[in-house]
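Chemist: If you scroll down you'll find the structure; I have some questions about it.
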Amino acid sequence: MVKLGFQEWFQDLRTQSKLMVGFGVVSVIILTMTVIGIVTLRQLSAQSQTVYVDYTIPLSDFSSMGTGLTQHHELLLDIAKTNRKDDFQKEVARLVPLKQAILKNVTDYESTALRVSRSGRDEAKDLAQLKPALDTYFREAEAALSAFIDSFDSTQMTAEQGKEMRGLGVLALTTNLTPTFEKVIGRHGEQVMTMREVAKDLNDDSQGLARNGTLLLLLGGAVAVAMGLGIGFIMARYFSRGVIHIADVATQAASGHLQARAKLSTHDELGQMATAFNSMLDRITSLVQTEGERDQMQRQLMQFLALVSDVGKGDLTKRGTVTEDMFGNLADAFNLMLDRFGKLLRQVKEAAERVNSSAGNLRDTSGQMAGTAKHQAEESVRALSSVENLAMSMRQVAQTAGASSESAKQ
Numbered sequence: 089m090v091k092l093g094f095q096e097w098f099q100d101l102r103t104q105s106k107l108m109v110g111f112g113v114v115s116v117i118i119l120t121m122t123v124i125g126i127v128t129l130r131q132l133s134a135q136s137q138t139v140y141v142d143y144t145i146p147l148s149d150f151s152s153m154g155t156g157l158t159q160h161h162e163l164l165l166d167i168a169k170t171n172r173k174d175d176f177q178k179e180v181a182r183l184v185p186l187k188q189a190i191l192k193n194v195t196d197y198e199s200t201a202l203r204v205s206r207s208g209r210d211e212a213k214d215l216a217q218l219k220p221a222l223d224t225y226f227r228e229a230e231a232a233l234s235a236f237i238d239s240f241d242s243t244q245m246t247a248e249q250g251k252e253m254r255g256l257g258v259l260a261l262t263t264n265l266t267p268t269f270e271k272v273i274g275r276h277g278e279q280v281m282t283m284r285e286v287a288k289d290l291n292d293d294s295q296g297l298a299r300n301g302t303l304l305l306l307l308g309g310a311v312a313v314a315m316g317l318g319i320g321f322i323m324a325r326y327f328s329r330g331v332i333h334i335a336d337v338a339t340q341a342a343s344g345h346l347q348a349r350a351k352l353s354t355h356d357e358l359g360q361m362a363t364a365f366n367s368m369l370d371r372i373t374s375l376v377q378t379e380g381e382r383d384q385m386q387r388q389l390m391q392f393l394a395l396v397s398d399v400g401k402g403d404l405t406k407r408g409t410v411t412e413d414m415f416g417n418l419a420d421a422f423n424l425m426l427d428r429f430g431k432l433l434r435q436v437k438e439a440a441e442r443v444n445s446s447a448g449n450l451r452d453t454s455g456q457m458a459g460t461a462k463h464q465a466e467e468s469v470r471a472l473s474s475v476e477n478l479a480m481s482m483r484q485v486a487q488t489a490g491a492s493s494e495s496a497k498q
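Numbering (my numbering), first residue to last: 89 to 498.
Okay, structure coming up:
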């Protein structure tokens with residue numbers, strides 16, 4: 089029901105409205121594809137931004153962090169070789185910015201969204217192991233440096249004690265701190281590996297999103313093209329079928345089949361043209377039927393004229409054909425008049441026979457009967473004169489009708 093209702097509604101639309109509806113559908117599809125493309129591009133942009141902010145920058149920072157850790161440890165080894173307090177203080181001052189940069193990298197990375205890779209590597213868990221390792225490394229390094237600081241304080245210990253204290257510091261920096269440093273480097277490498285895997289997952293997601301968006305846009309474009317061609321084909325077929333149907337009806341009418349009619353009931357331009365064409369055929373058929381009626385009227389007039397002529401010649405046995413038109417009524421009335429006139433003549437004949445048979449016996453009344461017969465004969469003559477006058481009138485009517493028919497044909 090809904091489909092039929094929509095079809096009837098669409099067929100009743102004007103041609104321009106049909107075209108607007110068709111182009112509107114195609115425009116909606118194109119607009120939808122545009123929106124999908126924009127949404128896909130925004131998602132790709134957001135994904136790329138996430139990869140850049142959460143992983144590209146942190147990976148670069150962590151690379152610098154690894155370099156900073158190596159420099160920090162090498163500087164500690166250089167400090168272990170110093171024997172002068174001034175050189176020691178200069179080298180220790182270089183450690184401070186390196187440590188601050190390393191801790192800042194960890195803090196910045198910790199503020200980002202930490203994720204789990206598809207392989208199961210967890211950034212948060214790796215970071216939870218990296219931070220204690222860093223704290224242990226810096227704490228042991230500071231403890232070793234404190235031994236050096238005490239070794240340079242001559243007010244609290246002798247030169248021999250200072251030398252022993254420096255030896256402890258050198259041992260701590262060169263031997264005891266090495267496993268802690270290697271553990272930090274190992275945890276740093278694990279953290280970088282996890283970050284790379286998560287970044288790879290996000291990059292794969294971006295590639296998949298781009299592929300899906302591309303396929304969707306291609307599919308939507310194909311659908312839009314197909315819909316446009318389909319709507320154009322349907323509308324062209326609808327218009328061509330309507331025009332061809334009206335042309336076929338016109339061909340049938342031109343060949344003489346005036347009962348052919350266009351069967352289009354829509355309210356668009358084609359339906360209006362079909363209605364106007366049918367009305368024109370109705371008028372033409374009506375005119376053709378009127379001419380036929382005039383021809384038939386002329387034939388009936390000629391037949392009636394022949395009937396009147398025969399009656400005028402004395403053949404009272406003739407009768408007109410009674411039909412359902414006005415000539416049938418006229419013939420019926422004329423036949424009734426002939427019946428009455430024949431009855432009157434029979435009465436005259438019977439009266440004459442009675443007069444002849446009783447002439448000898450009724451001599452006294454012969455004059456009266458003769459007068460009556462004469463009177464009836466005069467009536468008969470007058471009746472015949474009336475019939476001849478009526479015949480002349482019918483000839484005039486027939487001639488007038490014939491002239492009207494010739495005028496109508498012309």
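Ideal Cβ placement from N, Cα and C applies to all residues, glycine included.
1. Who are D210's beta bridge partners in DSSP?
2. If you draw a straight line from the C-alpha of V194 to the C-alpha of D292, how long is it?
3. Would you kindly check if the distance between the Cβ of D149 and the Cβ of Y197 is under 9 Å?
4. In angstroms with no decimal places, state the Cα-to-Cα distance between V109 and L119.
5. Secondary structure at S199, three-state DSSP: helix, strand or coil?
6. Ordered along the chain, which non-local residues of its own chain (more than five positions away) have a Cβ less than 8 Å from that of H276?
7. Could you please give the first and the last residue of the uninterrupted alpha helix (DSSP H) stretch that includes G156?
8. Just verifying my parser: in three-state terms, what is the DSSP assignment at V410?
9. Exposed or buried, V475, counting other C-beta atoms within 10 Å across all chains shown (16 or more means buried)?
10. Using a Cβ-Cβ cut-off of 7 Å (strictly less than) and excluding sequence neighbours within five positions of A229, which residues of its own chain qualify?
11. Take the Cβ of G330 as the centre, count every other Cβ of all protein chains shown within 10 Å, and call the residue buried at 16 or more, exposed below.
12. Should A458 be labelled buried (16 or more other beta-carbon atoms within 10 Å of its own) or exposed?
13. Please work out which residues of its chain come closer than 7 Å, Cβ to Cβ, to Q131, disregarding the five sequence neighbours upstream and downstream, and give them in chain order.
14. Quick check on the DSSP output: the alpha helix (DSSP H) that includes G250 runs from which residue to which?
15. Could you check which residue in T200, F240, G359 and L186 has the C-alpha nearest to that of L147?
16. Within 10 Å of its beta-carbon, does E211 have 16 or more other beta-carbons around it, so buried, or fewer, so exposed?
17. Helix, strand or coil for S234? Go by DSSP, reduced to three states.
18. Roughly how many angstroms lie between the CA atoms of G320 and I117, to the nearest whole one?
19. When the Cα atoms are used, what is the spatial distance from S105 to N300?
20. Quick test of your reading: V114 and M315, contact by CB under 8 Å. State the CB separation rounded to the nearest angstrom.
21. Is the beta carbon of L37 less than 9 Å from the beta carbon of I124?
22. Compare the C-alpha of V184 against each of A168, L202 and Q159 and name the closest.
23. Whole angstroms are fine: how far does the CA of L424 sit from the CA of A489?
Modeler: So, from the listed chains and residues:
1. For D210, which the question treats as bridged, DSSP gives the partners V204.
2. 26 Å
3. yes
4. 15 Å
5. coil
6. Hits under 8 Å: F150, M153, G154, L157 and L218.
7. I145 to I167
8. coil
9. Model confidence at V475 stands at a pLDDT of 44, short of 50, so the residue's coordinates are unreliable; what they give is reported in the following sentence. Answer is buried; the Cβ neighbour count reaches 16.
10. Excluding sequence neighbours, A229 sits near L164 and L265.
11. buried
12. With a pLDDT of only 47 at A458, under the threshold of 50, the placement of this residue in the model should not be trusted; the figure read from the coordinates follows. Exposed is the call here.
13. L297
14. For G250, the enclosing alpha helix (DSSP H) stretches over residues A247 to L259.
15. T200
16. buried
17. helix
18. 15 Å
19. 36 Å
20. 6 Å
21. Outside the displayed range of the chain (89 to 498) lies residue 37, so it cannot be described from this structure.
22. Q159
23. The pLDDT assigned to A489 is 42, lower than 50, so where the model puts this residue is not dependable; a value taken from the coordinates is nonetheless given after this. Distance from the CA atom of A489 to the CA atom of L424, rounded to whole angstroms, is 24 Å.
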